[in-house]
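As C-alpha cells, the structure follows; a few thoughts come after it.
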Amino acid sequence: MASQAEIEHPKKAFGWAARDPSGLLSPFNFSRSETGEKDVAFKVLYCGICHSDLHMVKNEWGFSTYPLVPGHELVGVVIEVGSKVEKFKVGDKVGVGCLVDSCRTCQNCSENLENYCPQYTLTYGAKHRDGTITYGGYSDSMVAEEHFVIRIPDGLALDAAAPLLCAGITVYSPQIFCTRQAWSTCHMAVKFAKAFGAKVTVISTSPNKKKEAIQHLGADSFLISRDQDQMQAAMGTLDGVETLTSAPNRSSIRSPIIVFAGILLHFIEYFSIWMKETQEMIDFAAEHYVKPDIEVIPVDYVNTAMEHLL
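Count the sequence shown with the UniProt record's numbering and you get residues 1 to 310, in order.
Listed below in C-alpha cells is the structure:
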C-alpha cells in the first residue's frame with residue numbers, strides 16, 4: 001500500500017476515491033492531463049463496477065496506491081480531440097477499458113497484443129509515463145491516447161456497453177482460459193456463445209442458477225457439477241471452448257466430459273484485453289444485440305453497490 005500526493009494537471013476533474021484499505025469511496029477533486037495531440041478527452045456518463053475494483057480499493061492484492069479512483073469500464077461522449085487524432089471527433093460515443101497505455105514499440109505491441117507488453121499501463125492505480133498516478137472511471141472525465149479508446153456503435157446503448165469493456169472481452173476471445181470470475185462474467189460467456197451459434201451447456205455447483213441459465217440466458221442444457229450421475233451421463237459429450245468460472249482448483253479443467261481434439265488443456269491466468277479485439281467484440285455485440293444484464297445506479301450510491309459484490 002502506498003500514498004502519493006497528486007501532481008496538478010491543467011484539467012480539473014471530480015470523482016470518487018478510496019483513501020485507505022477500508023475501501024470507502026468519497027468525493028475527490030483531482031486533475032487530468034491536457035488533451036495531447038493524439039489524445040481523446042470525453043465526458044464519462046457510465047462506468048461499470050468490476051469485482052477487481054473491490055479488491056483494489058481494499059488493497060487485497062497488495063499494490064494499491066491511494067488516493068485510488070477505480071473504474072475500468074467507462075463510456076461517454078467525446079468533448080475534445082488532439083490535432084493528430086484520426087479516428088474520433090467531438091460527439092462520438094467512446095469507452096476505455098483496462099488499459100490506457102503500453103510501450104508501443106515491443107514485439108507484442110507491434111502485433112496488437114498490448115496486454116502482453118511488459119510496460120502496459122492500467123487505467124487506474126498505475127503510473128503514467130510522467131510518473132503521475134492513473135485515475136479511473138468513477139469520475140466525470142477521461143483523457144486517453146486514441147489507440148486505447150474504443151468506439152461505441154450507435155446500436156449499442158452506453159450503459160450496456162460499459163461492462164463489455166471488461167466482462168465482455170474477457171469471455172469473447174475464442175480461446176480456452178480459466179478464471180475465478182463471478183456469475184456476471186459467466187452470463188456474458190453464455191450470451192456470446194449463443195450469438196456465435198454454439199450449443200451451450202452451463203455447468204454450475206448451484207442448481208439455483210438453472211432457471212436463469214435456460215430461460216433467461218438461452219443455454220441449451222444445464223449440469224450440476226456435484227451431481228455425479230449428471231456428470232457421468234454427459235461424459236464425452238462436450239467439445240469446443242469451455243470457460244470455467246469459480247473453479248476450485250486447477251484439476252477442475254481436466255474433466256472427462258470434455259472431448260479433447262488434439263489440444264491438452266492447461267490452467268491459464270489470462271489477461272484477455274487488447275484493443276483490436278475489444279473493438280471487434282463491441283461491434284459484434286452491437287450487431288447481434290448482445291448486452292449484459294445491468295442495474296444502473298446513481299454514483300452517490302457507489303458504496304452500496306460495492307457492498308453488493310461481497
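No residue lacks a Cβ here, since even glycine has one placed at the ideal position from N, Cα and C.
In this structure, residue 13 and residue 31 form a Cβ contact; the two beta carbons are roughly 6 Å apart against a cut-off of 8 Å. For residue 74, the enclosing beta strand (DSSP E) starts and ends at 74–81.
Residue 40 is positioned such that its CB atom lies no closer than 9 Å to that of residue 159. Around the C-beta of residue 145, 16 or more other C-beta atoms lie within 10 Å, and the residue is accordingly described as buried.
Each of 231, 275 and 96 was checked against the Cα of residue 45, and the nearest Cα belongs to 96. The alpha-carbon separation between residue 212 and residue 67 amounts to approximately 39 Å.
In terms of CA proximity to residue 199, 190 leads the group 190, 207, 206 and 205.
Here DSSP, grouped into helix, strand and coil, assigns residue 66 to strand. DSSP places residue 121 within a strand segment (E or B) once states are collapsed to three. Relative to the Cα of residue 79, the nearest Cα in the group 133, 70 and 90 belongs to 90. In the DSSP assignment, residue 99 forms a beta bridge with 122. For residue 116, the secondary structure class from DSSP, reduced to helix, strand or coil, is helix. The criterion of a C-beta distance shorter than 9 Å is satisfied by residue 121 and residue 100. As far as DSSP is concerned, residue 85 takes part in no beta bridge. At the C-beta level, residue 33 and residue 147 stay beyond 9 Å of one another. Under the three-state reduction of DSSP, residue 106 is assigned to coil, being neither helix nor strand.
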